[in-house]
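Participant:
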Amino acid sequence: MKQLPILIITILIIGALSVMAKSRSGSNPAEDTRKADYIYLEALRARSQGKNDAAYSLLQRARELNSDDKDIGVELSLYLLRLSQTDSTLIEESMALLRDYNEANPSDLYYGGRYAMLNEQLLNRDEAIRTWERLHTYYPEHLEITYRYANALGQGGSDADRAKAIAVYDSVEVAEGKSIPISTKKIQLYFARQDTASILSEVDRLRESSPKNVDFQVFSGDIYAMFGQNDKAKAFYDKACEIDPSSGLAYYSRAQFYNSMGDSAAFNREVFQALQQKSLDVETKLAILRSYIQEMYNDSTQLPRVGKLFDVLIDQHPHEHDIHALYSRYLIVTQDYAKAAEQTERALDLDPADEEGWEMLTSLYLQENKLDEAKAAIKRSFRYYPENGRQYLVLGSIHDQQGEREKAPKEYERALELTDSTDTKTISRIYGAMGDNLYARQLLDSAFTAYQKALLYDPENYLALNNCAYYLACEGRDLDNALSMVETAIKAEPDNPTTLDTYAWVLFKRKDYAKAREIIDKTLDLTDERSEEILEHAGDIHFMDGDPDGALEFWKEALQLAPDNELLERKVKHKTYFFK
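Numbers in my numbering are just positions in the sequence shown, counted from 1, shifted up by 49.
#1: Take Asn308 and list the residues in its own chain whose beta-carbon comes closer than 7 Å to its own, dropping the five residues that flank it on each side.
#2: Taking just the CA atoms, how far does Ala426 sit from Ala565?
#3: Looking at C-alpha atoms only, which residue of Met409, Thr498, Asp469 and Lys560 is the closest neighbour of Met483?
#4: Using a Cβ-Cβ distance cut-off of 9 Å, determine whether Asp175 contacts chain D.
#5: Which whole-angstrom value is the C-beta distance of Ala20 and Ala496, which I expect to be below 8 Å?
#6: Just verifying my parser: in three-state terms, what is the DSSP assignment at Gln278?
#7: Go to Glu176, then tell me how far its alpha helix (DSSP H) extends in each direction, as first and last residue.
#8: Please go through the same chain and pick out, in chain order, the residues whose beta-carbon is closer than 8 Å to the beta-carbon of Phe431, but skip the five residues on each side of it.
#9: At the level of alpha carbons, what is the spacing between Cys523 and Lys558?
#10: How would you write the range of the alpha helix (DSSP H) that Tyr105 sits in, first residue to last?
#11: Suppose you measure from the CA of Met310 to the CA of Ala284; what does that come to, to the nearest Å?
#12: In angstroms, rounded to a whole number, what distance separates the CA positions of Lys100 and Glu124?
#13: Among the candidates Leu107, Leu415 and Leu132, whose CA atom is the shortest distance from the CA of Leu640?
#14: Drop a sphere of 10 angstroms on the beta-carbon of Pro294, count the other beta-carbons inside from all chains shown, and report buried for 16 or more, exposed for fewer.
#15: Answer yes or no: do Arg197 and Lys227 have a C-beta to C-beta separation smaller than 9 Å?
#16: Please state the DSSP three-state secondary structure of Thr625.
#17: Which first and last residues belong to the alpha helix (DSSP H) in which Lys227 is found?
#18: What does a CB cutoff of less than 7 Å around Ala387 pick up in its chain, not counting 5 residues either side in sequence?
#19: Expressed to the nearest angstrom, what Euclidean distance is found between the alpha-carbon atoms of Phe628 and Arg619?
#20: Cβ atoms of Ala518 and Val535: under 9 Å apart, would you say?
#21: So what does DSSP say about Leu329, is it helix, strand or coil?
#22: What does the alpha-carbon distance come out to for the pair Ala553 and Leu608?
#23: Using beta-carbon positions only, say whether Asn530 and Gly481 come within less than 9 Å of one another.
#24: Less than 8 Å between the CB atoms is what I'm expecting for Cys290 and Tyr300, so what's the real figure, rounded?
#25: Can you tell me which of the three DSSP states Ala374 falls into?
#26: Grouping DSSP H, G and I as helix and E and B as strand, with all else coil, what is Asp561?
#27: Report the CB separation of Leu410 from His368 in whole angstroms; it is logged as a contact under 8 Å.
#28: Determine the direct distance from the alpha carbon of Ala79 to that of Arg73, and round the result to whole angstroms.
#29: Asp550 and Thr572 look like a contact to me (Cβ under 8 Å); what is the Cβ gap, rounded to whole Å?
#30: Which same chain residues, not among the five before or five after Ile479, have their C-beta less than 6 Å away from its C-beta?
#31: Using the rule of at least 16 other Cβ atoms within 10 Å of the residue's Cβ for burial, across every protein chain shown, is Val223 buried or exposed?
#32: Can you give the Cα-Cα distance for His591 and Thr473, rounded to whole angstroms?
#33: So what's Thr82 in DSSP terms, helix, strand or just coil?
#34: Would you kindly report the start and end of the unbroken alpha helix (DSSP H) that includes Ala402?
#35: For the alpha helix (DSSP H) that Arg526 lies in, which residues bound it at each end?
#36: Considering only the beta carbon of each residue, do Leu298 and Leu335 sit closer than 9 Å?
Following this line, the structure appears as structure tokens:
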């Protein structure tokens, strides 16, 4: 026989008792209170078991039986808040219950703080201030309450409220002493009143409270500089460096001051001084260096100096992964890929748990055309990230570049297995690479099927559009579709020489020789290093458009780049075009 859960039985019994009670000579307050207490305890038990719907129903019933019980009310208020979303009626009911509880329990820190913060969110500023003030009265030593009270006073209030907030912060300083965070709060309030004199007086009091405090001197310099009092600001920065000649913060703050004044020589000197200080932690030094690199990026004469700064940091902290990683990224920006690869290797030796670092190292070796090193880096990365589908895709493409066509498909299949089904762009790239591999292996139908899949997953895969169009043209197949694909790619990359070459070749195959000649000439204008393939295309197109002399020159230039190309040799020898 099936049994009802104990909790449901309890609810049914309570409901039955309630009906029975009503059917008698009226309600009994004492009995209702007892029942409400019992149901309240059952609600707490249900909540502890994660049965929130049951807990909510029980609390509602307990509230019906005893609306004076503030504990029941405050528990119910929490559920009403969850249900309210944007229902203003439920929000008001919940806030009323919370208010009743707090009026009855003014020293309850948890619910009082919750009530005050909710009022802040609902923009009930006066009620929030009233609640924070009351809690502050009960807990004057509780700094978080004090700060919240002062913050509530200072947010969008009158000058009188701001003055109260400042007085609250003053009381904290009496107990805790002067500090930059509290002075900053007070300065913000003075700033809202546009009271420059009080701002500077506050800074002076902070500095005078501890004349040997480097941070206070630097802070004074920052504030005085903000108001254009540069001579005084510089004096404070100088004083900070004098107090502690090893303070990286002092030197860097002075460096930023010089930079704001347009004194680049002094800026460079101070940054170098700051980074040499051993008192600065690595994270701060890296932040300084990042800022400096951004400042110096457009000045090529400063590149050696940046490199020297990295050398200083590496000498100080040779085993810090982040320094080598940042240096590597800087070297990539300066296009020193070989040295960037060296720094990435060092960073990965220190911390191999850097997936992005492994991918970057692979890319750097590919940029340097070091295919074996790239392949080795990928295989090393699999020790730490064996399920990185992107690396399998790159490994397959390396096999293709090295002529290992039969090895590539396995890597592409593995890449597909590991790639998330929602990552359509990567899946498209994989199918595009498969298409290239299959075409190279003369599996033409399979190749074009793979390209179709690539474009199904990402219609904006311009590499797949280009390659499919080019190979269709080479085979003389579906030239209308080839033209449509390459025109789509051209719209996205109008000055890409590879895409323009494909466009010219498709037009050539469609016997639109004049247009093909226009496009191939544009391609040559945009190409810094002419390839044998583009030059041969140029010769073929010029020949068919009635320029045999121009064609011969292009074929000769192409033959110099590819002396073993028998078809080119025949074209040059016979001064005519051959299809094969």
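Heads up, the beta-carbon is just placed ideally off N, CA and C, and yes, glycines get one too. Since this is a predicted model, take the numbers as computed values, not measurements.
Facilitator: Judging by the given coordinates:
#1: These residues qualify, in order along the chain: Phe316 and Glu344.
#2: Cα to Cα, Ala565 sits roughly 42 Å from Ala426.
#3: Closest by alpha carbon: Thr498.
#4: Of the protein chains in the structure, only one exists, and it is not chain D.
#5: Lying outside 50 to 629, the shown extent of the chain, residue 20 is not represented and no answer is given.
#6: Coil, per DSSP.
#7: Unbroken alpha helix (DSSP H) run through Glu176: Arg174 to Tyr187.
#8: Sequence-distant Cβ neighbours of Phe431 in its own chain, meaning closer than 8 Å and more than five residues away, are Asn437 and Gln440.
#9: Straight across, the Cα-Cα distance linking Cys523 with Lys558 is about 8 Å.
#10: Run containing Tyr105: Asn101 to Leu114, per the alpha helix (DSSP H) assignment.
#11: CA-to-CA, the gap between Met310 and Ala284 works out to about 15 Å.
#12: So the alpha carbons of these two residues sit roughly 14 Å apart.
#13: As shown, the chain starts at 50 and ends at 629. That puts residue 640 outside it, with no answer to give.
#14: Counting C-beta atoms within 10 angstroms of its own C-beta, Pro294 has fewer than 16 neighbours from the protein chains shown and is therefore classed as exposed.
#15: In this structure, Lys227 does not lie closer than 9 Å to Arg197 by Cβ.
#16: The answer is coil: DSSP assigns Thr625 none of H, G, I, E or B.
#17: Note, Lys227: premise wrong, no alpha helix (DSSP H); not H, not E.
#18: Excluding residues up to 5 positions away in sequence, Glu417 lie with their Cβ nearer than 7 Å to the Cβ of Ala387 in the same chain.
#19: Looking at the two C-alpha atoms, the distance is approximately 11 Å.
#20: Their beta carbons are under 9 Å apart, which means Val535 touches Ala518 by this criterion.
#21: DSSP places Leu329 in coil when its eight states are reduced to three.
#22: Ala553 and Leu608 have their alpha carbons spaced roughly 20 Å apart.
#23: No, Cβ-Cβ distance for Asn530 and Gly481 is not below 9 Å.
#24: Their Cβ separation, rounded to whole angstroms, is 6 Å, which keeps Cys290 and Tyr300 in contact under 8 Å.
#25: Three-state result, Ala374: helix.
#26: If DSSP states are grouped into helix, strand and coil, Asp561 belongs with coil.
#27: At roughly 19 Å, the Cβ-Cβ gap does not stay under 8 Å, so Leu410 and His368 are not in contact.
#28: Residue placement at Arg73 is flagged as unreliable, the pLDDT there being 40, under the threshold of 50; the coordinate-derived value follows with that caveat. Between the alpha carbons of Arg73 and Ala79 lies a distance of about 15 Å.
#29: In this structure Asp550 is in contact with Thr572, their Cβ atoms being roughly 5 Å apart against a cut-off of 8 Å.
#30: So the qualifying residues of the chain are Leu442, Tyr461, Ala464 and Leu465.
#31: So Val223 ends up on the exposed side.
#32: Rounded to whole angstroms, His591 to Thr473 spans 41 Å at the Cα level.
#33: Here DSSP, grouped into helix, strand and coil, assigns Thr82 to helix.
#34: Looking at the DSSP string, Ala402 is not in any alpha helix (DSSP H), and its letter there is neither H nor E.
#35: Taken as a continuous stretch (DSSP letters only), Arg526 belongs to no alpha helix (DSSP H), as it is neither H nor E.
#36: No, the Cβ-Cβ distance between Leu298 and Leu335 is not below 9 Å.
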